[in-house]
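Working notes for the structure below.
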Amino acid sequence: MTKNVKWFFVVLVFSSLISLAFSNENVHAEKLREGDKIPALVLCDTVQPLDLHSAREGYTLLSFWASYDAVSRQNNAALAHLAGETGQVEMLSVSFDRYASVFHATVEQDGLEDVRCFVETNGSDSEAFRTFDLKQGFTNYLVDSKGVIVAKNVTPAELASYLKK
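Quick note, the sequence shown lines up with residues 2 to 166 if you use the working numbering.
Have a look at this one:
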């Protein structure tokens, strides 16, 4: 009896390993990586993309967040504060809140009035959500003056070190 259970267990483990090897769900290729050109950003299905390929010197920090996501909101506010202290970073902040009123209240509460803030009310159905592959969570992109992604998911400490270079 124990011999049969042992073989059953071996077959079960072996078949599980084989099924995982052929599963595509576990493999997630990032759409945008460091070194890639940042795509145009289209909000609320408008034909007016924001120009992220600025000719000026310094960096552009594109930050995605939502008022209901505490981690992304806190990171966005800290990055905005740091970017405001220097003239080297222009920050573009994009919120995925369903209601503009919630967005405006959050911008005021977090002290983001000096940051270029935008709201995308279409949420996960938006073109921006798909283009920047945000299904794995909110993120940010540090972009150089040529429109090339220098870093992804930058923390305030990492941004400070980029600015010292």
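Heads up, the beta-carbon is just placed ideally off N, CA and C, and yes, glycines get one too.
| Item | Value |
| --- | --- |
| In DSSP terms, what T61 is bridged to | E91 and V144 |
| Among T122, V116 and F65, the one whose alpha carbon lies nearest that of K136 | F65 |
| CB contact flag (L44, E121, <7 Å) | yes |
| Outcome for D98 when other beta-carbon atoms lying within 10 angstroms are tallied against a minimum of 16 | buried |
| Rounded straight-line distance, which links the Cα of F130 to that of D46 | 11 Å |
| H161, buried or exposed, once every other Cβ within 10 Å from all chains shown has been counted against 16 | For clarity, residue 161 is Ala in the given sequence; the question names His instead. Its Cβ having fewer than 16 others within 10 Å, A161 is exposed. |
| Which listed residue (V95, G59 and D111) has its alpha carbon closest to that of N141 | V95 |
| 8 Å contact criterion, which F119 and S68 should meet: CB distance rounded | The pair is not a contact, with the Cβ atoms about 14 Å apart (cut-off 8 Å). |
| Under the three-state DSSP convention, the category S96 falls into | strand |
| Spatially closest choice to V90 from T107, D126, D115 and R34, by CA coordinates | D115 |
| Continuous alpha helix (DSSP H) stretch holding K165: start and end | P157 to K165 |
| Delimiting residues of the alpha helix (DSSP H) encompassing A71 | A71 to E86 |
| A152: first and last residue of the uninterrupted alpha helix (DSSP H) it sits in | Looking at the DSSP string, A152 is not in any alpha helix (DSSP H); the run it does join, the beta strand (DSSP E), is I150 to K153. |
| Identity of the residues DSSP links to R117 by a beta bridge | L93 |
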